[in-house]
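Participant:
In my numbering, the protein residues as written are 59 to 313.
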């Protein structure tokens, strides 16, 4: 009997509480979210100019030079290989071989290009210059040691970015062989933040042409017709390899 009375009393108490109304005043409390960034000092890998979100491994008979460290970095510059050709006594233009890259394990050929990254976070701008360090020459040649009058022309340049920021300006140039610096890409204030690739030409203009390899047999090679070596017909040449070097200089201010 005692248990039943206790149970009844409990139910009655709950019923009385259920009809009571307690009102609370609404309140609010502010909070905030914060994020901060610092310049990146790492090395940015080369990317595919046809798919700029794909990192690639450049393929080159001579190992490509590694990119410089950030926050403002020169990540990659193609070597220009103008191939092997029959000697001719006429004006001639030779296209550079296309740049070979490995993208996700697959080898591809893309336009020759250069890549710059600006992770300073200042949007202050920058400029990229190139200098040809002398004329094409050969120590193996006996008499015609220099390709007098030969010039390298870079055309079809355009900027491809990995960020939604104003693009740097590009320039088509014929390089003076005397070593003078030539501006090929320039980012004024507010331009050029993030990673930018500058290919010469596009994938759909790469051209297959026959070049002579070491076995003296013509072989089809994919070339970039916007990177050209021009040699006058009056320039004597020998059956040897002629070389020069290019120096790419990235400045932390625009021109």
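Even for Gly, the Cβ is constructed at its ideal location relative to N, Cα and C.
Nothing here was measured: the structure is a model prediction, and the numbers come from that model.
(1) Going straight from the alpha carbon of residue 139 to that of residue 91, what length do you get?
(2) State buried or exposed for residue 146, treating a residue as buried only when at least 16 other CB atoms are found within 10 Å of its CB.
(3) According to DSSP, residue 105 sits in a beta bridge with which residue or residues?
(4) Starting from the Cα of residue 102, find the closest Cα among 132, 116 and 296 and give me that residue.
(5) Check this for me: beta carbons of residue 99 and residue 168, under 8 angstroms apart or not?
(6) Alpha carbon to alpha carbon, how far is residue 136 from residue 233? Give it in angstroms, no decimals.
(7) Please say whether residue 215 and residue 238 have beta carbons closer to each other than 8 angstroms?
(8) At the level of alpha carbons, what is the spacing between residue 200 and residue 275?
(9) Is the beta carbon of residue 170 closer than 8 angstroms to that of residue 157?
(10) I think residue 240 touches residue 172, with their Cβ atoms under 8 angstroms apart; what is that distance to the nearest whole Å?
(11) Of all the options 108, 207 and 176, which has the alpha carbon lying nearest to the alpha carbon of residue 150?
(12) For the stretch 245-263 against the stretch 217-225, do three or more pairs of beta-carbon atoms, one drawn from each stretch, fall closer than 8 angstroms, so that the two count as touching?
(13) Could you please give the first and the last residue of the uninterrupted beta strand (DSSP E) stretch that includes residue 287?
(14) Can you check DSSP and say which residues form a bridge with residue 171?
(15) In the DSSP assignment, what residue or residues form a beta bridge with residue 243?
(16) Looking at the secondary structure, which residues open and close the beta strand (DSSP E) in which residue 160 lies?
(17) Compute the distance between the beta-carbons of residue 134 and residue 302, then report whether it is under 8 angstroms.
(18) To the nearest angstrom, report how far apart residue 295 and residue 204 are at their CA atoms.
(19) Identify whether residue 118 lies in helix, strand or coil by the three-state DSSP scheme.
(20) Across which residues does DSSP place residue 56 in a beta bridge pair?
(21) Could you tell me whether the Cβ of residue 195 comes closer than 8 angstroms to any Cβ of chain D?
(22) So, at 8 angstroms on beta carbons, what are the nonlocal neighbours of residue 112 in its own chain, with the 5 sequence-adjacent residues on each side left out?
(23) Which same chain residues end up closer than 7 angstroms to residue 95 when comparing Cβ atoms and leaving out the 5 residues on each side of it in sequence?
Facilitator: The answer reads as follows:
(1) Walking along the chain shown from the start, residue 139 turns up at place 81. Walking along the chain shown from the start, residue 91 turns up at place 33. Approximately 52 angstroms between the Cα atoms of the pair.
(2) Here the question's residue 146 lines up with position 88 in the chain shown. Residue 146 comes out exposed.
(3) For the purposes of this step, residue 105 is taken as residue 47 along the chain shown, with counting starting at 1. Residue 105 is bridged to 113.
(4) Locating residue 102 in the chain shown gives position 44, counting from the first residue. If we check each option's Cα against that of residue 102, 132 comes out closest.
(5) Here the question's residue 99 lines up with position 41 in the chain shown. Here the question's residue 168 lines up with position 110 in the chain shown. No.
(6) Against the chain shown, residue 233 aligns to sequence position 175. Against the chain shown, residue 136 aligns to sequence position 78. If you take the alpha carbons of residue 233 and residue 136, they lie about 15 angstroms apart.
(7) Translated into the one-based positions of the chain shown, residue 238 becomes position 180. Translated into the one-based positions of the chain shown, residue 215 becomes position 157. Between residue 238 and residue 215, the C-beta spacing is not below 8 angstroms.
(8) Position 142 of the chain shown holds residue 200. Position 217 of the chain shown holds residue 275. Roughly 25 angstroms between the two C-alpha positions.
(9) On the chain shown, position 99 is the one that residue 157 refers to. On the chain shown, position 112 is the one that residue 170 refers to. Cβ atoms of residue 157 and residue 170: closer than 8 angstroms.
(10) Counting from 1 along the chain shown, the entry for residue 240 is found at position 182. Counting from 1 along the chain shown, the entry for residue 172 is found at position 114. Actually they are not in contact, since the Cβ atoms of residue 240 and residue 172 sit about 13 angstroms apart, beyond 8 angstroms.
(11) The residue labelled residue 150 in the question sits at position 92 within the chain shown. Per the Cα distances, 207.
(12) Yes: the two stretches touch, three or more of their Cβ pairs being nearer than 8 angstroms.
(13) On the chain shown, residue 287 is found 229 positions in, with the first residue counted as 1. Counting along the chain, the beta strand (DSSP E) containing residue 287 begins and ends at 276-289.
(14) Within the chain shown, residue 171 is the residue found at index 113, counting from 1. In DSSP, residue 171 forms a bridge with 257.
(15) Reading the chain shown from its first residue, position 185 is the one you call residue 243. DSSP lists 186 and 228 as partners of residue 243.
(16) Within the chain shown, the letter at position 102 stands for residue 160. Per DSSP, residue 160 belongs to the beta strand (DSSP E) from 157-161.
(17) Looking up residue 134 in the chain shown gives position 76. Looking up residue 302 in the chain shown gives position 244. Not in contact: residue 134 and residue 302 (Cβ atoms no closer than 8 angstroms).
(18) The sequence position of residue 295 within the chain shown is 237, counting from 1. The sequence position of residue 204 within the chain shown is 146, counting from 1. Distance between the alpha carbons of residue 295 and residue 204: 8 angstroms.
(19) Numbered from its first residue, the chain shown carries residue 118 at position 60. DSSP places residue 118 in coil when its eight states are reduced to three.
(20) The requested residue 56 is not part of the displayed model; the chain covers only 59 to 313.
(21) Protein chain content of the structure displayed is limited to a single chain, and chain D is not contained in it.
(22) One-based indexing of the chain shown puts residue 112 at position 54. Spatial neighbours of residue 112 in its own chain (CB-CB distance under 8 angstroms, excluding positions within 5 residues in sequence) are listed in chain order as 105, 106, 161 and 162.
(23) The residue given as residue 95 occupies position 37 in the chain shown. If you ignore the 5 residues before and after residue 95, its C-beta comes within less than 7 angstroms of the C-beta of 179, all in its own chain and listed in chain order.
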